[in-house]
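Read top to bottom, the protein sequences are chains P and X. Sequential numbering of the first sequence, starting at 1, is according to my numbering. Sequential numbering of the second sequence, starting at 1001, is according to my numbering. Encoded as structure tokens, the structure appears first; notes follow it.
Number of protein chains: 2
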Amino acid sequence: MPRLTTKKKILAAALKLFNGKNTQAATTNHIAAALGMSSGNLHYHFKNREAIVFALYEQMLSKTMLEHIDFPVTITQMHEHQLYLAKIYWEYRFFNRELLFLLSRDPELKARYIKENIGHKRHIRIVFEQLAANGYLDIPEDHVYTQLVDTVLLCNQFWHSHLETLGSEVDEANLAGGFGHIEEAMRPYLTAKALDELGTIKI
Amino acid sequence: MPRLTTKKKILAAALKLFNGKNTQAATTNHIAAALGMSSGNLHYHFKNREAIVFALYEQMLSKTMLEHIDFPVTITQMHEHQLYLAKIYWEYRFFNRELLFLLSRDPELKARYIKENIGHKRHIRIVFEQLAANGYLDIPEDHVYTQLVDTVLLCNQFWHSHLETLGSEVDEANLAGGFGHIEEAMRPYLTAKALDELGTIKI
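What follows is the structure in structure tokens.
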């Protein structure tokens, strides 16, 4: 097994603590203590908690950005992509749980997040356009693309918050419900080819 | 013109400050100063900022809860209800802008909000069922209700956040876009009767 670098060890320990309670309750001292490391050593690698949050965001991004992974081009690939994303969002669940708060604490993170999110929005539209071009979606009017893209953005980012505001337990299965919502939003526009291909998948 | 009670004056001044910048930047001292009032006098009416936030939430609730206003029973009434809500959400925009943060600061507010939100979810479903019973919606399967209800909850609560994460300006018109999203989500299920009635309305 490859040895984790100290940086990666710190990020893994921070991720665990952030996911467990809110990020403000997990100080850099707590993170250092969890690793049996001095605070000085931790601060040598990350100047503060914001820098750790930023690095974890970049980690999550590298796993989810459509630039870094293949665009889904069939309805089956789209479904598998959703299942994959559900796992990553669960792995980094502190981030969407505290999204707006974290952005408000770090202008640099906010600027970067918005830039990536605008790019992400463009990519999601391309995915839907490709699914339509490949005969999986029958999109009657252009604004339906806007509708579907906004649905994906709302669910990816705020399904966690949606569960919280209803007092629902935020576990992996409930979080994946956001992807069910996206697939339901697509349903009126699925073609016979898509329904046929999805026949064996529980959508 | 009726004289505002001191309590109402405080709430009006706080609302203006909260909407202008984030709630944490507007202290009770700032609110008192805006009214030319001593902090002592303000604290006689509200023990802290959380109490003011809570009272403003209750004000907003009294204007939006379907228990307090008539349920829309035609597609035109539904559309008018959305326009009305858009105005209220703009009036109290600090609340949805900082929703999750505010709930995390005050367990009492969080408990009350969740309770009301669960009730609200039930009422939204009743509205859709009535629209279907009145011939405006053709709902093919029961889970479409769940889909539409979740769409309303997502848009009502998180459209503001959605705009922020795209770096879009949060003004009254953009905020009302959330209601456009809801109406688009309903579109595949609108009956000929609904489309006919909506003919003269820009949906």
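Ideal Cβ placement from N, Cα and C applies to all residues, glycine included. Keep in mind it's a predicted model, so treat the numbers as computed, not measured.
With a cut-off of 8 Å on the beta carbons, I'd call ILE1075 of chain X and TYR1136 of chain X a contact; round off their distance for me.
Taking the first residue of the second sequence as position 1, residue 1075 of chain X is located at position 75. Taking the first residue of the second sequence as position 1, residue 1136 of chain X is located at position 136. Between TYR1136 of chain X and ILE1075 of chain X the Cβ distance is about 5 Å, and since that is below 8 Å, they are a contact.
Measuring alpha carbon to alpha carbon, tell me which of P:THR6, P:LEU99 and P:ARG125 ends up nearest GLY40 of chain P.
Translated into positions along the first sequence, residue 40 of chain P becomes position 40. Among P:THR6, P:LEU99 and P:ARG125, the Cα nearest to that of GLY40 of chain P belongs to P:THR6.
Is LEU153 of chain P helix, strand or coil when you go by DSSP?
Position 153 of the first sequence, counted from the start, is the residue given in the question as residue 153 of chain P. In the structure shown, LEU153 of chain P sits in a helix (DSSP, three-state: H, G or I).
Under 9 Å between the Cβ atoms of TRP90 of chain P and GLU172 of chain P?
As a position in the first sequence, residue 90 of chain P is number 90, starting the count at 1. As a position in the first sequence, residue 172 of chain P is number 172, starting the count at 1. Yes, the Cβ-Cβ distance between TRP90 of chain P and GLU172 of chain P is below 9 Å.
What are the boundary residues of the alpha helix (DSSP H) that includes GLN1024 of chain X?
Within the second sequence, the letter at position 24 stands for residue 1024 of chain X. Run containing GLN1024 of chain X: none; DSSP gives neither H nor E here.
Tell me LEU1137 of chain X's beta-bridge partners as DSSP assigns them.
Here residue 1137 of chain X is taken as the residue at index 137 of the second sequence, counted from 1. According to DSSP, LEU1137 of chain X bridges with X:LEU1190.
Check whether the segment 154 to 161 of chain P touches the segment 1122 to 1141 of chain X, counting contact only when three or more Cβ pairs, one atom from each stretch, lie closer than 8 Å.
no
Taking C-beta pairs closer than 8 Å, name the residues in chain X that HIS143 of chain P reaches, listed in chain order.
The residue labelled residue 143 of chain P in the question sits at position 143 within the first sequence. Here the neighbours are GLU1184.
In angstroms with no decimal places, state the Cα-to-Cα distance between SER1038 of chain X and VAL1144 of chain X.
What you label residue 1038 of chain X is simply residue 38 of the second sequence in a count that begins at 1. What you label residue 1144 of chain X is simply residue 144 of the second sequence in a count that begins at 1. Spanning the two alpha carbons is a distance of roughly 54 Å.
Do the CB positions of ALA1185 of chain X and GLN1130 of chain X come within less than 9 Å of each other?
What you label residue 1185 of chain X is simply residue 185 of the second sequence in a count that begins at 1. What you label residue 1130 of chain X is simply residue 130 of the second sequence in a count that begins at 1. No, the Cβ-Cβ distance between ALA1185 of chain X and GLN1130 of chain X is not below 9 Å.
Check the C-beta distance from ASP1106 of chain X over to PHE1054 of chain X and give it rounded, since I have them as a contact under 8 Å.
Indexing the second sequence from 1 puts residue 1106 of chain X at position 106. Indexing the second sequence from 1 puts residue 1054 of chain X at position 54. Rounded, the Cβ-Cβ distance is 7 Å, consistent with contact.
Closer than 6 Å by C-beta to CYS1155 of chain X: which residues in its own chain qualify, once you throw out the five before and the five after it? Chain order, please.
Along the second sequence, read from residue 1 onward, the residue named residue 1155 of chain X stands at position 155. Result list for CYS1155 of chain X: GLY1178, HIS1181 and ILE1182, in chain order.
Could you tell me the distance, in whole angstroms, from the CA atom of LEU1017 of chain X to the CA atom of ASN1048 of chain X?
For the purposes of this step, residue 1017 of chain X is identified with residue 17 of the second sequence, where counting begins at 1. For the purposes of this step, residue 1048 of chain X is identified with residue 48 of the second sequence, where counting begins at 1. So the two alpha carbons sit approximately 15 Å from each other.
What residues in the segment 41 to 56 of chain P have a beta carbon less than 8 Å from any beta carbon of chain X?
none
When DSSP labels each residue in this structure, what does SER1038 of chain X get in the three-state scheme?
Sequence index remark: in the second sequence, residue 1038 of chain X carries index 38 (1-based). Here SER1038 of chain X sits in coil by DSSP.
Against ASP150 of chain P, what residues of chain X qualify as contacts under a CB-to-CB distance less than 8 Å, listed in chain order?
For the purposes of this step, residue 150 of chain P is taken as residue 150 along the first sequence, with counting starting at 1. Simply HIS1162 and HIS1181.
Chain P contacts made by the segment 1013 to 1043 of chain X, where a contact means CB separation under 8 Å:
ASN1022
Give the DSSP-derived three-state secondary structure of PHE158 of chain P in the structure shown.
In the first sequence, residue 158 of chain P corresponds to position 158, counting from 1. PHE158 of chain P: helix per DSSP, three-state reduction.
Distance between GLN59 of chain P and ALA14 of chain P (C-alpha atoms, nearest Å)
If you number the first sequence from 1, residue 14 of chain P lands on position 14. If you number the first sequence from 1, residue 59 of chain P lands on position 59. Rounded to whole angstroms, ALA14 of chain P to GLN59 of chain P spans 13 Å at the Cα level.
Using a C-beta cutoff of 9 Å, does ILE114 of chain P count as contacting chain X?
Taking the first sequence and counting its residues from 1, the one referred to as residue 114 of chain P is at position 114. Output row for ILE114 of chain P: interface = yes.
If you check the beta carbons only, do PHE1101 of chain X and LEU100 of chain P fall under 9 Å apart?
If you number the second sequence from 1, residue 1101 of chain X lands on position 101. If you number the first sequence from 1, residue 100 of chain P lands on position 100. Contact: yes.
CA-CA distance, GLU141 of chain P and LEU56 of chain P?
As a first step, residue 141 of chain P is located in the first sequence; it is residue number 141 there, counting from the start. As a first step, residue 56 of chain P is located in the first sequence; it is residue number 56 there, counting from the start. Each residue's alpha carbon lies about 39 Å from the other.
What residues in the segment 1073 to 1103 of chain X bring their beta carbon closer than 9 Å to a beta carbon of chain P?
ARG1097, GLU1098, LEU1099, LEU1100, PHE1101 and LEU1103
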